[in-house]
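Inspection log for the structure reproduced underneath, given as structure tokens.
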Amino acid sequence: MKVLYAHHPEDFKTYTTEKIRDQFLMGTVFLADQVELTYSHVDRIIYGGAMPVEKALTLDAGKELAAEYFLERREMGVINIGGPGKIVLDNEEYALGNKDAIYIGRGTKEISFESDNPETPAKFYINSCPAHKKYPTVKVGLDQAIARPMGQDASMNKRTIYQLIHPDVLESCQLSMGVTVLEEGSGWNTMPCHTHERRMEVYFYFDMEEDTRVFHLMGQPTETRHIVMSNEQAILSPSWSIHSGTGTSNYTFIWGMCGENLDFDDMDHVAMKDLR
75 MKVLYAHHPE DFKTYTTEKI RDQFLMGTVF LADQVELTYS HVDRIIYGGA MPVEKALTLD
135 AGKELAAEYF LERREMGVIN IGGPGKIVLD NEEYALGNKD AIYIGRGTKE ISFESDNPET
195 PAKFYINSCP AHKKYPTVKV GLDQAIARPM GQDASMNKRT IYQLIHPDVL ESCQLSMGVT
255 VLEEGSGWNT MPCHTHERRM EVYFYFDMEE DTRVFHLMGQ PTETRHIVMS NEQAILSPSW
315 SIHSGTGTSN YTFIWGMCGE NLDFDDMDHV AMKDLR
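Under the numbering used here, think of the first position of the sequence shown as 75, with each following residue one higher.
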């Protein structure tokens, strides 16, 4: 598990391209028959992926958590972006198809991941954060999500936001997750942009062609930087940073948030004239 420490926005202004990539980009999220995780000191979020192919994979606490089991003091959200598979939670099975999600409450002791077919393995994308209370485990299909169409063709940002782990769908302590799907011909996401000082965010880009790239924008609104991302990569976005971008083609991404509140629309909007 890679550990990332918090970054001051004044220090971030001096970062080179390589340092930004090292400190914020998770370049490899999925490896066959492995669990790949990053632990950030920004709101103590853990994110990454589990890709079972030939065997089931278990999720253990490890030294970093100093816990008896992974969700002893945490909650977790998982979204499958691959072939059909299942998650086994304390001997109870949950089947997850493509873009199905599951919220797993604090106190779940045994967690394992399996694929139905090694030829088309499941890819379980994971977000986890500290939890003060146990809420029920709930599976949510994309058809059960709150769908919010946004944008328009003229501004090249026509997209649908699917809220999967969200207060209007299920209860959680502080974790929110969902999927945003951009339509063909659209590339921009969240512009005019915003920050949300009370929550951090992780983006995971996927469903991209091999040569498609996303130019992800981050940094303070008056000190923006970009990072070039390819398919199935994740990026950490602290609360002081914008999280916007555009692609060479349309793409899909998972957003995950944790922090002070669960209000999805609690945003500090940035006027276009103020961006630098």
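All C-beta atoms in this analysis are idealised placements derived from N, C-alpha and C, irrespective of residue type, glycine included. As the structure is a prediction and not an experimental result, all values here were calculated from the model.
Check	Outcome
Interface flag, Pro204 vs chain D, CB-CB below 7 Å	Among the protein chains of the structure shown there is no chain D, as only one such chain exists.
Contact under 7 Å by Cβ, Ile316 with Leu291	yes
Through-space distance from Ala175 to Ile235, alpha-carbon basis	14 Å
Endpoints, beta strand (DSSP E) assigned at Gly333	326–333
Under 7 Å between C-beta atoms of Phe278 and Ala308	yes
Residues sharing a beta bridge with Thr112, DSSP	Lys76, Tyr121
Length of the line joining the Cα atoms of Glu258 and Tyr143	43 Å
C-beta contact flag for Ala130 and Ser186 at 7 Å	yes
Option nearest Arg147 by Cα separation, candidates Thr194, Met75, Ile178	Ile178
Beta-bridge partners of Lys207, as assigned by DSSP	Answer is none; Lys207 lacks a bridge partner.
Where the alpha helix (DSSP H) through Phe86 begins and ends	83–86
Supposed close pair Leu105, Met125 - CB separation, criterion 8 Å	6 Å
8 Å contact criterion, which Met265 and Ser313 should meet: CB distance rounded	About 19 Å separates the two Cβ atoms, so there is no contact after all.
Alpha-carbon to alpha-carbon, Glu188 and Gly157	11 Å
Contact the region 224–234 vs the region 149–169: 3+ CB pairs below 8 Å	no
Length of the line joining the Cα atoms of Val253 and Arg287	18 Å
Environment of Glu149 [buried if 16+ CB atoms lie within 10 Å]	buried
Three-state secondary structure assigned by DSSP to Gly252	strand
Within the region 130–201, ranges of the alpha helix (DSSP H) (whole runs, at least 4 residues)	136–139
Leu244 in three-state terms, based on DSSP	coil
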